[in-house]
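What follows is a single structure, written as structure tokens, with notes after it.
Protein chains: 4
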Amino acid sequence: MLNRYFPQIQNPVRFEGNESRNPLAFRYYDKNQKVGDKTMAEHLRFSVAYWHTMRGEGADIFGGASFQRDWRRSSKPLDCAKETAEAAFELFQKLGVEYYCFHDRDIAPEGDTFSQSCDYLKEIGALVKSLQRETGVKLLWGTANLFSNPLFAQGAGTSPNAHVMAWALAQVKNAIDITKELGGENYVFWGGREGYETLLNTNVKREQEQFARFLRMAVDYKKEIGFTGQFLIEPKPCEPMKHQYDSDAATTLYFLKEHGLIDHFKLNIEANHATLAGNSFEHELIVASIAGKLGSVDANRGDSLLGWDTDQFPTDLYSVTMAMMVILNQNGLGTGGLNFDAKVRRSSIDPLDLFYGHIGGMDTFARGLLVAQKMIDDKVFSGVIDDRYSSYGSGIGAQIMAGKVTMKDVEAWVRANGAPTMQSARQEMLENIFNSYIF
Amino acid sequence: MLNRYFPQIQNPVRFEGNESRNPLAFRYYDKNQKVGDKTMAEHLRFSVAYWHTMRGEGADIFGGASFQRDWRRSSKPLDCAKETAEAAFELFQKLGVEYYCFHDRDIAPEGDTFSQSCDYLKEIGALVKSLQRETGVKLLWGTANLFSNPLFAQGAGTSPNAHVMAWALAQVKNAIDITKELGGENYVFWGGREGYETLLNTNVKREQEQFARFLRMAVDYKKEIGFTGQFLIEPKPCEPMKHQYDSDAATTLYFLKEHGLIDHFKLNIEANHATLAGNSFEHELIVASIAGKLGSVDANRGDSLLGWDTDQFPTDLYSVTMAMMVILNQNGLGTGGLNFDAKVRRSSIDPLDLFYGHIGGMDTFARGLLVAQKMIDDKVFSGVIDDRYSSYGSGIGAQIMAGKVTMKDVEAWVRANGAPTMQSARQEMLENIFNSYIF
Amino acid sequence: MLNRYFPQIQNPVRFEGNESRNPLAFRYYDKNQKVGDKTMAEHLRFSVAYWHTMRGEGADIFGGASFQRDWRRSSKPLDCAKETAEAAFELFQKLGVEYYCFHDRDIAPEGDTFSQSCDYLKEIGALVKSLQRETGVKLLWGTANLFSNPLFAQGAGTSPNAHVMAWALAQVKNAIDITKELGGENYVFWGGREGYETLLNTNVKREQEQFARFLRMAVDYKKEIGFTGQFLIEPKPCEPMKHQYDSDAATTLYFLKEHGLIDHFKLNIEANHATLAGNSFEHELIVASIAGKLGSVDANRGDSLLGWDTDQFPTDLYSVTMAMMVILNQNGLGTGGLNFDAKVRRSSIDPLDLFYGHIGGMDTFARGLLVAQKMIDDKVFSGVIDDRYSSYGSGIGAQIMAGKVTMKDVEAWVRANGAPTMQSARQEMLENIFNSYIF
Amino acid sequence: MLNRYFPQIQNPVRFEGNESRNPLAFRYYDKNQKVGDKTMAEHLRFSVAYWHTMRGEGADIFGGASFQRDWRRSSKPLDCAKETAEAAFELFQKLGVEYYCFHDRDIAPEGDTFSQSCDYLKEIGALVKSLQRETGVKLLWGTANLFSNPLFAQGAGTSPNAHVMAWALAQVKNAIDITKELGGENYVFWGGREGYETLLNTNVKREQEQFARFLRMAVDYKKEIGFTGQFLIEPKPCEPMKHQYDSDAATTLYFLKEHGLIDHFKLNIEANHATLAGNSFEHELIVASIAGKLGSVDANRGDSLLGWDTDQFPTDLYSVTMAMMVILNQNGLGTGGLNFDAKVRRSSIDPLDLFYGHIGGMDTFARGLLVAQKMIDDKVFSGVIDDRYSSYGSGIGAQIMAGKVTMKDVEAWVRANGAPTMQSARQEMLENIFNSYIF
């Protein structure tokens, strides 16, 4: 086992059961435990986010780095990248997480030229590949960072500057290449700068056409090289931009449909992005799921009283259980997984805090999985729901839904049949039942 | 001229010019003034909202009616409805507004049975028709109130109770009938109860299928009876429901596309609904417009610090000017118009306040029209925008957009052409230029 | 036992333990169970809100009543009020709740004149008093409804109309009288209309002086009649008004201090009002508590994605546990209690839903009490907190806090002592520990 | 005139009048124009924020610097600081702004030790002093940056680490020293890290006591050295912290009163902080003003649809006019001023954009001043307001306010005098009148 950067953790984090008070043990996550017909690990497919966990430094908008990790001390960018990769896989192993995700610029530094950046990416890619082999940890998805470089300040695919769009395309090509090379099961597009600051200088229609063209070229390239991973788009309404085009699930699905791209993409839904868009996490999951487009999840949480992406570890059992119900109801995430797009707080300066964060998230999802599976097995909500719509099973309801009656027919029926009888929708009782599974 | 309910106003409100301090005169709205190739009246197509203006009583969630209008004093519902209609057309005439909008239950009372409600609607409809003829005022759009009646507490088209859905269909049929009878130029669907309160009792997929079926039947009926008005959907994210399916423009367009309904509908965009959804008014207008789907506008304003539909009269010249730019850029609203979905405050108990509210909204839009037309004529923003994207006019930009290059080609180009040169996006300068047209 | 209006419930709701799946039983609330040195009932002091529970009709801003209770069927207002009172005490008994709260106009109807309203209040008051005696249920607090009557549209104590202020004062006098008569342990002021809509017509300074005068007169009257209950103010930031003067706990405490009223009032903190003000529930509780001013609690919850007062029953164990920690840490609420200022949803049309709502709230608080007490007993957070600030126990920290050093002294010390050593604030670990008590 | 860093601007920005289309001229700001009895410059006392304007690099939370200014190119921190100071005063002169503000770390770099930082501050201070003399530009206020250094991650005055508090005190001492040395007219405290992230690790009561102690020591030191500038506190509700103690004006005033500090401080109100706290800008101004505590203003604007501090230049004439009404009504800001705490957008990479930003802000405030003064001269709102409360001038209203009647007396009066007559509060008409001054 790798063992250099986290000497405080000498063994992989273990499952010790619910009664354990060991803060470095799992109380619920027992990777091999069967839940239904899959193990917990197969259900949850946890992934570490390389950017927050390995590259995060506690910075916020009012202050720079608040800690420097041991693996970031080298003054030579490539050495630093290599040490970071080693630390990363040590952490993955010790946490017992089987997947990770990265942006191209997380694993390898930006060079002085585009070509040099590509070379760096290949060089570090080779190291990462060997670390994957050595540890068995796999790549859930790769992506390109099209937002940090100031070139992208006015957009990447939607930049008004064609040279910038070209640069972004070339960068994505290389990011897809490395993702394929590393066996990535998906590739993600998060268009953090694909939006606008003010309509006074923006042609929204043409920016969206550019973005569609951008994605189309990626689809073509994927085919060209035979990359079989799933393409995913990750919606977010704003931050850094005033308005981002992929603002939420429905908006993104509309864009994909409008531009003939719907068959080539699924969605990567993030909890914190959902709430920033004014939607609940489970709402976004449901919207994607009923479209057959829920591909993967960025598992974190925001703060409902703060208006920015706080990217906290998911610890709210209510929200997580609702999420797991949607996921179980669509029979899992396929090639997707639960990626902890979460960062420790600025004051969590100890590398151990990275373990606490992930353990908390993993245990909450493990518990949420158990609760959700039990609810589904007990048919507590599905039974109520089926019953609630049962009037469509026959009579006028069935006729309407089958398209067998016109408005005139329905009017005649209503005139003949009087007023409906209403029934309670039972929200309070159902919330109590939910709670009876939680505590 | 009708002259019974507003004796304080003995003549139609006049245009007196910018210097006038008469609060009951227009300072900018001069209906016959040409702006470009249309008159102000043709551009703006103002409409009074029957519900707020004629039926509003100052109620809010913490208190019932705070005023009773003279035209609502009769204890007999039908008499009351007739007097209201007369007062309405008197107000339309005195304001000089050429359109109005209504829900079925605004103009006629709900009866004891469905059939009786239909009879009432027809009876009052005949009166309203004669008032239209007498005054020349036209119906911008009709709609059905599918939210006040407790039957609709769990949805109308999306109700889990098929009897309720049938009832709603029959009601809409009659509302379309009366709209056609009155020469309505559009018919609006606002699905205020078409959404959910909790996922614990809701099947989102089937509710959306129900709603699509509901709209499809209306489309079929429209064809059947030869109604030629435009069907419009009005998005809103929440209130009264926790989550409404037509939450914003993009979400609604997605729904329409997904269910094969897109050719039959346009959108009616409301300012206050836009901001409740986390979007600016102009954002919603642009989204609808670039899809060719901006059909009409509910012209009001919300309060950016309050989380509910305050439905205030539109008085912010910045917002109104942005709106008019979008509308002028798509060459007007066609059969749509600017409907004041706005109500006087609870403390504005004097009928004169209805005049102040509308005059303020009309003058702000008239001024916004003038400012926007001038900006467009001067090409101040369009020139900047065209220039900003000019790199797509040739070279690699043109090749990308024309689909003539692959990602590999682009990568080779980038490797050969170095880094882009960035230019300021000039937001501050453009905001100042905007202000130079405002003040 | 009273037994007329809720025949579905033939026995008081019982505690059946955690494993029970009976939706009409308590799983945690066992009123006589000792937790620390008090029983659950003594800790929690649950109260039913007469307005929502007995008078609520499912109305919202887009629709009137969605249900009519059996106790509201009489066409005679006084009869209706009497039947409502009987139903209320039957519900209190069957729920096993020992307290209730009311506004004057909840229990008795408004008359045609002020005097008649007073007479009605006295008459119903006598009935209520006898019902209190019969059932042993007590009045947690009374209050006056100074917001429904259109007279109060522009404020009650802050009305620009002196006649309205006088009316409000007279109404409050009678509400205090009846509260005293019924042995109310507190009297609450919620200034729902004490605020403004626009600064264009408002003199904020004089309105606040009026409100201070209003409260001062109530304090004087309390003394005059020897009423010994606690006066409480309930903060809320907005709704119905654009801006309410008592916007949150700190704002209200400032107002009270500024106007010399601080010794005569405590605060009644509502969860939903807290979040509308941008504060967490626990934040408002802490602010009040450390000022020695946390007097009582309106126990409900809002929806973090909706911008109005949804007044849902409190079912979030996280939030409720945090609340109970603050309450236990100040050794309880004294004469205050946990009043369920919560209403069943518009679609919860069955009287049984009232039981489900309260049972859910009571069980969540009972469970929260148990969890919070255990955390306090285990000193899990208090230990961490004491340790975290321990550097103030001696040395420069102690000297600073004791006022023994000047800035110059401190500067010298800093120059001599180098840079501080930072320690992790351990947020992730602490959240996990919290969760280990929750699930 | 200094002339090295902004060669595009060869002359100070001139007033050219309303018709000018020169984007580098003022259309309204004519510094010597008399408005009432003061010049525009005396009314407005504009100030440039050194941090945003001279040190801003276009960074946001998703990307680092997007531009590097010519004055930041030196690799030696002290040289860089000197060049920055020269560029700053060149900009002040060319803009014609008479004041500026800074944090200690804006003008001088942080050293390797505390002592070195102090030395740097003194050295650069001397340069800045000579530049002030040379240009006549004055220091509106100084402050200490207690938020960027990772030492302050858990607070400065409220840090749980006494060594950090000591460090912060020593830093503030030096910041006050340099402010005094430079003739600063005020000194500001913005407690950006004085708050908490989670109550699980926080003792709110003791942190507030620490903060009070911290301020008390500053007050004592001010007296000790004879600094006569005004101490100001700048409220903000959150960002970077989850919850900041000085969350809004009322909360801060409460804190100051509670801890006996009220006589020593006024408030510095920022527009964007106000809206983040759920208050309008003018609300915060009024709250401070009626307490006699409106000391200075951070003049910027936020985006009502974004949940973070966007710090945009103030260009909304409505908001600015309301602000100027409050300021004029309290007869100006005394030693305070209008500090543009605003930054150009990430894409505004041209130094000229700094000019556009400030010119836009200055012109909007100049126009707002003219409009507000005209409204005040015309008594349009004050007349309405005086009239609205006139019923308190005599009779029962006067008796109530004078404390001459008890609740019992008032009740008797109400019983004898019947129901009040209500009058419209005329919000719509007043908004129209406001608009008649705007356009």
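Chains as they are written, first to last, in the working numbering: chain A, 1 to 439; chain B, 440 to 878; chain C, 879 to 1317; chain D, 1318 to 1756.
Glycine included, every Cβ here is placed at the ideal spot set by N, Cα and C.
Remember, it's a predicted structure, so these values are computed and weren't measured experimentally.
- Under the 8 Å criterion on CB atoms, S830/B is classed as non-interfacial with respect to chain D.
- Residues are counted here when their Cβ sits less than 7 Å from a Cβ of chain D; for the region 988-1002 of chain C these are F992, S993, given in chain order.
- At least one C-beta of chain A is nearer than 8 Å to the C-beta of D659/B.
- Counting only the Cα atoms, W929/C lies some 38 Å from T690/B.
- Closest in alpha carbon position to F15/A, among Y5/A, F340/A, M40/A, is M40/A.
- Neighbours of K681/B across chain C, judged by C-beta separation under 7 Å: D1181, L1184.
- For the region 1046-1078 of chain C, residues whose beta-carbon sits nearer than 9 Å to a beta-carbon of chain B comprise G1070, R1071, E1075, T1076.
- Listed by position along chain D, the residues whose Cβ is nearer than 8 Å to that of A153/A are G1375, G1380, S1383, R1663, S1664, I1666.
- Going by C-alpha positions, E897/C is about 8 Å away from S436/A.
- In chain D, no part has a C-beta under 7 Å from the C-beta of A811/B; the shortest such distance is about 13 Å.
- Between the region 858-872 of chain B and the region 1737-1754 of chain D, the count of Cβ pairs shorter than 8 Å is below three; the stretches do not touch.
- In the three-state reduction of the DSSP assignment, W629/B falls in the coil class.
- Here the region 155-173 of chain A does not lie against the region 1387-1405 of chain D, with fewer than 3 beta-carbon pairs under 8 Å apart.
- Closest option to A153/A, judged by alpha-carbon separation, among F1682/D, S1664/D, D1703/D: S1664/D.
- Excluding its 5 nearest sequence neighbours in each direction, F1582/D has C-beta neighbours in its own chain below 6 Å: F1548, I1550, L1573, listed in chain order.
- Looking at V765/B, D750/B, M761/B, the one whose alpha-carbon comes closest to that of N778/B is D750/B.
- When secondary structure is reduced to three states using DSSP, A1155/C falls in the coil class, being assigned neither helix nor strand.
- Only buried fits G535/B, as 16 or more other CB atoms lie within 10 angstroms of its CB.
- Note on K1120/C: 16 or more other CB atoms within 10 angstroms of its CB, so buried under the neighbour-count rule.
- Excluding five sequence positions before and after Y1437/D, the CB atoms of its chain that fall closer than 7 Å to its own CB belong to L1395, A1425, P1426, G1428, given in chain order.
- Boundaries around F102/A are those of the beta strand (DSSP E), 99-103, since no alpha helix (DSSP H) includes it.
- According to the DSSP assignment, G1173/C belongs to the beta strand (DSSP E) that extends over 1172-1176.
- Against chain A, the CB of N874/B has no partner CB under 8 Å away; the residue lies outside that interface.
- For T1021/C, there is no enclosing alpha helix (DSSP H); the enclosing beta strand (DSSP E) covers residues 1016-1021.
- The region 233-292 of chain A is shown to contain whole alpha helix (DSSP H) runs of 4 or more residues at 249-258, 271-276, 281-290, in chain order.
- Identification of chain C residues near C519/B by a Cβ-Cβ cut-off of 7 Å yields none; the smallest Cβ-Cβ distance measures about 17 Å.
- With 16 or more other CB atoms across the displayed protein chains lying within 10 angstroms of its CB, S1174/C is buried.
- By the Cβ criterion, the region 216-231 of chain A is not in contact with the region 1606-1622 of chain D, since fewer than three pairs of Cβ atoms, one from each stretch, lie closer than 8 Å.
- At a cut-off of 8 Å between C-beta atoms, E968/C does not count as an interface residue with respect to chain D.
- From the listed residues L1078/C, Y1099/C, R1071/C, the smallest Cα separation to F1089/C is found for R1071/C.
- Listed in chain order, the positions of the region 854-866 of chain B with a beta carbon within less than 8 Å of a beta carbon of chain D are M861, Q862, S863, A864, R865, Q866.
- About 13 Å separates the beta carbon of F313/A from that of G368/A, a gap too long to meet the 8 Å contact definition.
- The region 1446-1458 of chain D makes contact with the region 1498-1507 of chain D, as at least three CB pairs between them are under 8 Å.
- Using a Cβ-Cβ cut-off of 9 Å, A271/A is close to nothing in chain B; its nearest Cβ partner there is about 15 Å away.
- The three-state secondary structure of A1366/D, taken from DSSP, is strand.
- Taking the C-beta atoms as reference points, F465/B is found no nearer than 8 Å to K533/B.
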